[in-house]
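Undergrad:
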Amino acid sequence: MKAEEYVQKAYQCILQNDFEQAVEWFEKAISAQPDHAEHYFRCSVTYARSGRLEQALAYAEHAVRLAPQQDEYVLHLHAQEARQHTEKARKMLDVDRATPQVRQDAILLLERAIALDPLCGDAFLLLALIYDEMNEYKLAVQAAREAAALFPHNVQLANLMKKLCQQMNEQI
């Protein structure tokens, strides 16, 4: 089979929501055409849809190495890096009592994530929660507003916004 036939098989699998099989077909396309950046990119997107962040990131990096001028590949790589930073920050905060230093380190990771991907709503949401814990309500509201713009129908976020606004009013 030719690489393009493998890609077509991958797309058929995607239409059937069989992302695992789609990845296998994309990897066969990559084996058949290892210098073709688009195969790495499409495989990365499929891994990302499957929640397999490490693989998505590795394939996105490879696509950008092969075709650094492709804005779509660079944007996708940045989105995966932002997800990685956000997940790392989330894991840092999963401990029972996050220290002030851990919170500051998490904030830096989230700011980096947002710089890479300004549409990373999860980073804004987590940032709002950290600032809330630190009683930095103005910063928490700013981050929550950004998250709300990206997730306008999120009930939890709306409740957080109400809580933050009440806390700010109590401080005045």
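The numbering of the sequence shown is UniProt numbering, which starts it at 1 and goes up by one.
In this text, a Cβ means the ideal position worked out from N, Cα and C, and glycines have one as well.
Please report the straight-line C-alpha distance between Val102 and Lys138, rounded to a whole angstrom.
TA: Distance between the alpha carbons of Val102 and Lys138: 21 Å.
Undergrad: Mark His76 as exposed unless 16 or more other C-beta atoms lie within 10 angstroms of its C-beta, in which case mark it buried.
TA: When all chains shown are included, His76 counts as buried.
Undergrad: Exposed or buried, Leu125, counting other C-beta atoms within 10 Å across all chains shown (16 or more means buried)?
TA: Buried is the call here.
Undergrad: Between the C-alpha atoms of Ala82 and Asp117, what's the straight-line distance to the nearest angstrom?
TA: Roughly 6 Å separates the two Cα atoms.
Undergrad: Tell me which residue opens and which closes the alpha helix (DSSP H) that Met92 is part of.
TA: It spans 71-93 - the alpha helix (DSSP H) in which Met92 sits, taken as one unbroken run.
Undergrad: Taking the alpha helix (DSSP H) that Phe151 falls in, what are its first and last residues?
TA: That residue, Phe151, is in no alpha helix (DSSP H); it is neither H nor E in DSSP.
Undergrad: Tyr6 to Glu27, Cα distance in whole Å?
TA: So the alpha carbons of these two residues sit roughly 9 Å apart.
Undergrad: Return the CA-CA distance between Leu150 and Leu53, expressed in angstroms with no decimal places.
TA: Each residue's alpha carbon lies about 21 Å from the other.
Undergrad: For the structure I just gave you, are there three or more beta carbon pairs, one from the region 85-93 and one from the region 62-76, closer than 8 Å?
TA: No, because fewer than three Cβ pairs between the region 85-93 and the region 62-76 fall closer than 8 Å, the two stretches do not touch.
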